[in-house]
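Colleague: Once you've had a glance at the structure underneath, I'll fire off some questions.
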Amino acid sequence: MNDITPTRRNAPAAGRLLAHYRTMAHIRAFENAAERLYNEKRIPGFVHLSTGQEAIPAGVCANLAPGDQITSTHRGHGHTIAKGGDIGAMMLELFGRAGGYCRGKGGSMHIADFSIGMLGANGVVAAGMPIAVGAAHAAKLLGRNTVVACFFGDGAVNRGPFLESLNWAAVYKLPVLFVCEDNRWAATTPTATMTAGPGIAARAEALGLRTASCDGNDVAAVDDLAGELVRTVRGGAGPLFMIARTYRWSGHTSADAGAYRNPDEVARAKADDPLARTRAQLAELGIADADLDAAVAAAEAEIAAAIANAEHAPAPRLEDALREVQDVGAPDFARGARP
Amino acid sequence: MNDITPTRRNAPAAGRLLAHYRTMAHIRAFENAAERLYNEKRIPGFVHLSTGQEAIPAGVCANLAPGDQITSTHRGHGHTIAKGGDIGAMMLELFGRAGGYCRGKGGSMHIADFSIGMLGANGVVAAGMPIAVGAAHAAKLLGRNTVVACFFGDGAVNRGPFLESLNWAAVYKLPVLFVCEDNRWAATTPTATMTAGPGIAARAEALGLRTASCDGNDVAAVDDLAGELVRTVRGGAGPLFMIARTYRWSGHTSADAGAYRNPDEVARAKADDPLARTRAQLAELGIADADLDAAVAAAEAEIAAAIANAEHAPAPRLEDALREVQDVGAPDFARGARP
Amino acid sequence: MTMMSVVEASRRALAEEMRRDATVWALGEDLGRGGVFQQYKGLQAEFGPARVLDTPISEAAIMGAAVGAAMCGTRPVVETRYLDFTLCAADELVNQAAKARYMFGGQARVPLVVRQPTGLWMNCAAQHSQSLEAWWAHMPGLVVLVPATPADSYAMMKAAIRCDDPVILLEHKELWGITGEVEEGEPDARLGKSRLCRRGRDVTIVSWSLTVQTCLDAAATLARDGIEAEVIDLRCIWPWDQEAIIASAEKTKRLLVVHEAVLTAGFGAEIAATVAEATGARVKRLGSPRIPVPFSPALEAAFRRTPEEIIAAARMLVA
Amino acid sequence: MTMMSVVEASRRALAEEMRRDATVWALGEDLGRGGVFQQYKGLQAEFGPARVLDTPISEAAIMGAAVGAAMCGTRPVVETRYLDFTLCAADELVNQAAKARYMFGGQARVPLVVRQPTGLWMNCAAQHSQSLEAWWAHMPGLVVLVPATPADSYAMMKAAIRCDDPVILLEHKELWGITGEVEEGEPDARLGKSRLCRRGRDVTIVSWSLTVQTCLDAAATLARDGIEAEVIDLRCIWPWDQEAIIASAEKTKRLLVVHEAVLTAGFGAEIAATVAEATGARVKRLGSPRIPVPFSPALEAAFRRTPEEIIAAARMLVA
Ligand SMILES: Cc1ncc(C[n+]2csc(CCOP(=O)(O)OP(=O)(O)O)c2C)c(N)n1
Ligand SMILES: Cc1ncc(C[n+]2csc(CCOP(=O)(O)OP(=O)(O)O)c2C)c(N)n1
Ligand SMILES: [Mg+2]
Ligand SMILES: [Mg+2]
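In structure tokens, the structure reads:
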């Protein structure tokens, strides 16, 4: 079914793997912090955590050039960090601060950093898919040699835009790498119970895309596969599709304990920790434990600093609520609520 | 790819084939009349003609019980006739008369006859698909042993509801037979140029449906295949999918000359006339030409009578425009336009 | 009469209708776990997974299948999770559900309930907080209900399920937890009738859903200054109680309409225009500025009606 | 100044913008054959199939891809074929295009034009004839244009393409064939400004799109009876020319708003309410009853504004 077999590197280079580990450590630390901040009621709204899924954005984005772009989902912190996002700006946004990525207008579910090609988290399942395709369409029209990586979850394969986007990308041979983060759950529902047919890869293939899948908790495997696919896409082969198998450690949102899942299933998944696995690989490659601890500590320190900065940063002013809507026909309070 | 092979009857029974011929003759006569009425500006609106595609509704609907249901498309006259519709009521509707199927509110694109399970033509491509699935869902909930045949065109396979409907039908194992009328064109566009991947059947199979295809201009072949599939669906096998290859003789609408198509392609298609083919088969089975001419003449006479009746039938009254909207909150002219 | 929350009232009403009528069923994502707001809690256990149906993330098919099933002898209750996701099924709702009866000349009936959790809640930002009653009001074929109390949540759920035409039930997310007396059994939901919450002679204040309480709070303050506001809970957006609103505005000579939705082309415009056409009353509307719902509480405040602005507007009208 | 039809004016404007700016492109179904109304005739021959893109029947992807492409350096012009099919892409238009700039704190810009052939034409019935300007007016982030003349079709197409925010261009299908003088080149579309079509002192009649001419016809008859109507073509639904409308209503003391769309919660309500809030003018609206668009000409008449009803309403206001 999966008709691309990546050429597996014999051994991952220690330096590259260490960089992945750093990225993953940052994501893990960020998600742990976000969870804690939510539980302590220090941030507004909800957060969707990608704890346990860190290897996928790390491995995929390591293969993207600065000019390449990504689209994300409701679960977008990891994608942002892996693409090179600014943790301080993201933390400010989670706190709803004026200095945040979206000036406090978006929050966790609408994190974006257009300066690094991160075209936005999205509150609507599968809505990033046609946007990714459109970004790639623009690249083709403008003669840019960039690639768009489109992240989405296994739950998105039952929405119409999945079909329309894949077909579109294939018809116009657009430079998109579709990356399905298959964590087996869509909110509180096991995706398999709601997904008919032989599987996600078969759907993509029926729409004209070659596919490949990998262990999404093995960052080296993700890196290898994504590397090959991104190169192929950049070479003009048209869109490709990869599936990375993983698991969502936490509940669907920070408000969800995930109690509907079998504790054994969760425990097994946690035992398959992508960070621990990378750590073990790095140890085999001779990287000292102390260096890895230092990487984790550095990530945690960076996040702690981001929190310290964000917690007391200025909130946006009410009148800023009227900015960045539109130029022609911009709103004003006189025609709406109080000033 | 097509994983159902129907058991082909050795020779079609003459009586059954003659009945098909009658159905097709009615459709042909209706479409020819509709085209003429449009050209002569005797009816309002547009019509979408199914000339050349008559064998599909004839062959499929011959296998449906009176309690079974169908959903149709913008090109719905043939489906209605084949399901046993009232030609007089349909003609009245084309004329926008008070006595029409929809009391003049729908026109050609919204023909329906709920009394025979014809759940409506539809002006939105693929919109009949989730409706068909829902009708089948109701049948399952209510413990009815009915089947829903869902007609749609090859252009519909690029719309999201195609995926969502097939997946839904497969997940819940609903009694739906999806019937793709593959006439190779979607309006002025050759569908193949806009449809990526190995084909329509592969898409359905990737969504968990077994598929089969047939020559849609051979009514006996359509009948055989549909017969087998309807039986299987009724037996509780869940949804199935059939593709019937055909060709649209006319333009997309009655306003479209279809000049963008290669004249040879059209000529070849017309040479493959489903009515002529059935006639030849019937001749081989010993049916006299005179009997077949009589069938055609009877159909034409019926349509002529329908026109004669409709042309001078009363138009709806303006105040009828306010009826059949909703019970609670029904509109009135006082709150809208003049009375 | 029993005290209960909105979430409990709506759940009970749905359960009672499902017991009464075997053709009633609910469908949507994650209903088996109770739904996002636990408004389906326990229902799958009682009615089974076929009648409290967990669905794929397929909004178009959820709505479209419900339309088909509604036309064929069942009464589906569609859970949209957040109103905003209805936009993924707009064709199915607007071009199919709302028009089917009419297009087919009365042959089809679409007894469909579309539950839309609406409005601000927990800073969910632009794609999870919209209020679109004005859209549905503009769409022929739809009944549009906006309960503000547990009693109305209960009664309107029942009335919506028994209605033979498609009903949009706008359930404000910040109301789930409020409690009140509910008359159980066979209440008269009086669709199209408003509720007089407070009698007054100086100004008529019309609102619905979450902002009714804000208006009542404002009225209490106004009373201390000798301004007696008549506060009316509209309850239904379509049909709406033109008679009562016009009569009240004729009496007080001043109408103030207050809603959370964007002011521009909001339903307040319909009410103000109708009253202005019919009476000599002065009219004024309060609504949100024409902006997407922002995330930060500091900004989201632009979307919250406050007693202060209502008081100021009422004073201005009375002056 | 050149005489031309609306279809020619809009085609020329698009072609000129495409020549001027290589990032402008058009996408939709069957554009290579000129589009349903021949509004793209010849463009694929000039600009090639990549910039005049034939697409699959995938409304969500058409709109969604256009959003992505607009955020990434191009200026897509989306053809929706009939406004009604926009409902198959409502999430992409409303939750994505309209909100992206705001949600992302100004990082994204969405210079997107959405062409929506609107309103009655050839008895196309309920799913091919809707007018939804009130919906788009209610949706923050959108600019909404309703040209009534070839000159405005030309100028507004150019302005829409140059606008850095999403623009809905409502092109009435019965206007394609009308002709008029067009100032070519770099016209000033004056977005947000209305056009005074006829000066008068007795009553202000505001309309847009197809019904402007109906109002002018009515005004001519009224003038014979000594009633001088001021007729204003609103031109833009958002932003709309509150200043001019209020000034005119203050002068005439009577406002009549006329539109084809359903009256209930139509944009006439916003105008009437605004004027009632701001002035002492009497207000009245004319629009369609709250019904889906019917097929039969005998019924469809309910959706057509007539000079007679405008005259009657104006007389009533003046009386
Ligand atoms: C169109 C739409 N339907 C429903 C939702 C609610 N929702 C948010 S995330 C989610 C589950 C998505 O599952 P998946 O795509 O597998 O992503 P994951 O959460 O597992 O990362 C759902 C149902 C939504 N945001 N958008
Ligand atoms: C959602 C939607 N998009 C576009 C259209 C316009 N349209 C009507 S029929 C049609 C072509 C459909 O092709 P196909 O499904 O193959 O059916 P056929 O006309 O060949 O019978 C198109 C594009 C529509 N009615 N609905
Ligand atoms: Mg998942
Ligand atoms: Mg076709």
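Those protein sequence lines, which keep their order, are chains A, B, C and D. Everything in the first sequence is counted per the working numbering, starting at 282 for the first residue and increasing by one. Everything in the second sequence is counted per the working numbering, starting at 282 for the first residue and increasing by one. Everything in the third sequence is counted per the working numbering, starting at 5 for the first residue and increasing by one. Everything in the fourth sequence is counted per the working numbering, starting at 5 for the first residue and increasing by one. C-beta atoms are modelled at their ideal positions from N, C-alpha and C, and glycine is treated no differently.
Give a yes or no on whether 8 Å exceeds the smallest Cβ distance from residue 440 of chain B to chain A.
Modeller: So, interface residue.
Colleague: Can residue 492 of chain A and residue 443 of chain A be called in contact, C-beta distance under 8 Å?
Modeller: No; because the gap between Cβ atoms is not below 8 Å, this pair is not in contact.
Colleague: Return the chain-ordered list of same chain residues with a C-beta closer than 8 Å to the C-beta of residue 562 of chain B, the five sequence neighbours on each side being excluded.
Modeller: Taken in chain order, the residues that qualify are 293, 298, 501.
Colleague: At a CB distance below 8 Å, what residues from the segment 126 to 160 of chain C approach chain A? Give them in sequence order.
Modeller: Answer set for the segment 126 to 160 of chain C: 126, 127, 128, 129, 130, 131, 132.
Colleague: Tell me whether residue 467 of chain A, by its Cβ, gets closer than 7 Å to a heavy atom of ligand 3.
Modeller: Checking every heavy atom of ligand 3 against the Cβ of residue 467 of chain A, one is found closer than 7 Å.
Colleague: Work out the CA separation of residue 313 of chain C and residue 180 of chain C for me, nearest whole Å.
Modeller: Using only the alpha carbons, I get a separation of about 25 Å.
Colleague: Return the chain-ordered list of same chain residues with a C-beta closer than 8 Å to the C-beta of residue 282 of chain A, the five sequence neighbours on each side being excluded.
Modeller: A caution first: residue 282 of chain A carries a pLDDT of 41, below 50, which makes its placement in the model unreliable, though a value can still be read off. Result list for residue 282 of chain A: 479, 480, 482, 483, 486, 492, in chain order.
Colleague: Among the residues of its own chain, which have a CB less than 6 Å from the CB of residue 618 of chain B, if the five just before and after it don't count?
Modeller: Bear in mind that the predicted position of residue 618 of chain B carries a pLDDT of just 44, short of 50, making it unreliable; the figure below should be weighed with that in mind. Answer for residue 618 of chain B: no residue qualifies.
Colleague: Applying the 10 Å Cβ sphere with the 16-neighbour rule, what's the burial state of residue 543 of chain A?
Modeller: Exposed, since its Cβ has fewer than 16 Cβ neighbours within 10 Å.
Colleague: Where residue 598 of chain B and residue 415 of chain B are concerned, what is the direct C-alpha to C-alpha distance, given to the nearest angstrom?
Modeller: Using only the alpha carbons, I get a separation of about 34 Å.
Colleague: Between the alpha carbons of residue 299 of chain C and residue 68 of chain C, how many angstroms are there, rounded?
Modeller: Cα to Cα, the separation comes out at about 32 Å.
Colleague: For chain D, is any of its Cβ atoms less than 8 Å away from the one on residue 494 of chain A?
Modeller: No, because no Cβ of chain D sits closer than 8 Å to the Cβ of residue 494 of chain A.
Colleague: What are the boundary residues of the alpha helix (DSSP H) that residue 432 of chain A is part of?
Modeller: Counting along the chain, residue 432 of chain A falls outside any alpha helix (DSSP H), though it belongs to the beta strand (DSSP E) covering 429 to 434.
Colleague: Got a sec, what are the start and stop residues for the beta strand (DSSP E) residue 462 of chain B sits in?
Modeller: 457 to 463 is the span of the beta strand (DSSP E), which, as asked, contains residue 462 of chain B.
Colleague: Of all the residues that make up the segment 54 to 76 of chain D, which are near chain A by a beta-carbon distance shorter than 7 Å?
Modeller: Taking 7 Å as the Cβ-Cβ cut-off against chain A, the residues of the segment 54 to 76 of chain D that qualify are 54, 60, 62, 64, 65, 68, 69, 70, 71, 72, 73, 75, 76.
Colleague: Does chain B have any CB closer than 8 Å to the CB of residue 33 of chain D?
Modeller: By this cut-off, residue 33 of chain D is an interface position.
Colleague: Thinking just about the alpha-carbon of each residue, which of D:163, D:29, D:14 is nearest to the one in residue 66 of chain D?
Modeller: Of the listed residues, the one whose Cα sits closest to residue 66 of chain D is D:29.
Colleague: Go ahead and pull the three-state DSSP assignment for residue 234 of chain C.
Modeller: Of the three classes helix, strand and coil, the one that applies to residue 234 of chain C here is strand, per DSSP.
Colleague: Quick check on the DSSP output: the beta strand (DSSP E) that includes residue 545 of chain A runs from which residue to which?
Modeller: It is not in any beta strand (DSSP E) - residue 545 of chain A instead sits in the alpha helix (DSSP H) that spans 544 to 552.
Colleague: So for residue 282 of chain B, helix, strand or coil by DSSP?
Modeller: Low local confidence applies: a pLDDT of 41 at residue 282 of chain B is under 50, so the model's placement there is unreliable, with the coordinate-based value given in what follows. If DSSP states are grouped into helix, strand and coil, residue 282 of chain B belongs with coil.
Colleague: Residues of the segment 163 to 188 of chain C with a CB closer than 7 Å to any CB of chain G: list them in chain order, please.
Modeller: No chain G is part of this structure, whose protein chains are labelled A, B, C and D.
Colleague: By the three-class DSSP mapping on this structure, what secondary structure does residue 604 of chain B have?
Modeller: Three-state DSSP puts residue 604 of chain B in coil, outside helix and strand.
Colleague: Can you tell which of D:39, D:225, D:64 has its C-alpha closest to the C-alpha of residue 233 of chain D?
Modeller: It is D:225.
Colleague: Per DSSP, what kind of secondary structure is residue 175 of chain D in: helix, strand or coil?
Modeller: Correct three-state label for residue 175 of chain D: strand.
Colleague: In whole angstroms, give me the CA-to-CA distance for residue 130 of chain D and residue 106 of chain C.
Modeller: If I take the Cα positions, the gap works out to 9 Å.
Colleague: What did DSSP end up calling residue 92 of chain D once you bin it into helix, strand or coil?
Modeller: Helix, per DSSP.
Colleague: Kindly indicate which residue of A:302, A:311, A:315, A:388 has the alpha-carbon position closest to the one of residue 596 of chain A.
Modeller: Taking only the C-alpha atoms, the option nearest residue 596 of chain A is A:388.
Colleague: Helix, strand or coil for residue 151 of chain C, going by three-state DSSP, please let me know.
Modeller: Three-state DSSP puts residue 151 of chain C in coil, outside helix and strand.
Colleague: Do residue 120 of chain D and residue 78 of chain D have their C-beta atoms closer together than 8 Å?
Modeller: No; because the gap between Cβ atoms is not below 8 Å, this pair is not in contact.
Colleague: Since residue 628 of chain A is in the alpha helix (DSSP H), which residue starts that stretch and which ends it?
Modeller: Nothing about residue 628 of chain A can be reported from this structure: the residues present for chain A run from 282 to 620 only.
Colleague: Verify the CB distance criterion: does residue 118 of chain C have a CB-CB separation below 8 Å to chain D?
Modeller: No, no contact with chain D.
Colleague: In angstroms with no decimal places, state the Cα-to-Cα distance between residue 35 of chain D and residue 438 of chain B.
Modeller: For residue 35 of chain D and residue 438 of chain B, the distance between alpha carbons rounds to 20 Å.
Colleague: Count the other CB atoms within 10 Å of the CB of residue 256 of chain C; is the residue buried (16 or more) or exposed (fewer)?
Modeller: Result: buried.
Colleague: According to DSSP, is residue 263 of chain D part of a helix, a strand, or is it coil?
Modeller: If DSSP states are grouped into helix, strand and coil, residue 263 of chain D belongs with the strands.
Colleague: Closer than 8 Å between beta carbons: that is the criterion. Which residues of the segment 281 to 297 of chain D meet it against chain B?
Modeller: Those would be 290, 291, 292, 293, 294, 295, 296, in chain order.
Colleague: Alpha carbon to alpha carbon, how far is residue 315 of chain B from residue 527 of chain B? Give it in angstroms, no decimals.
Modeller: So the alpha carbons of these two residues sit roughly 20 Å apart.
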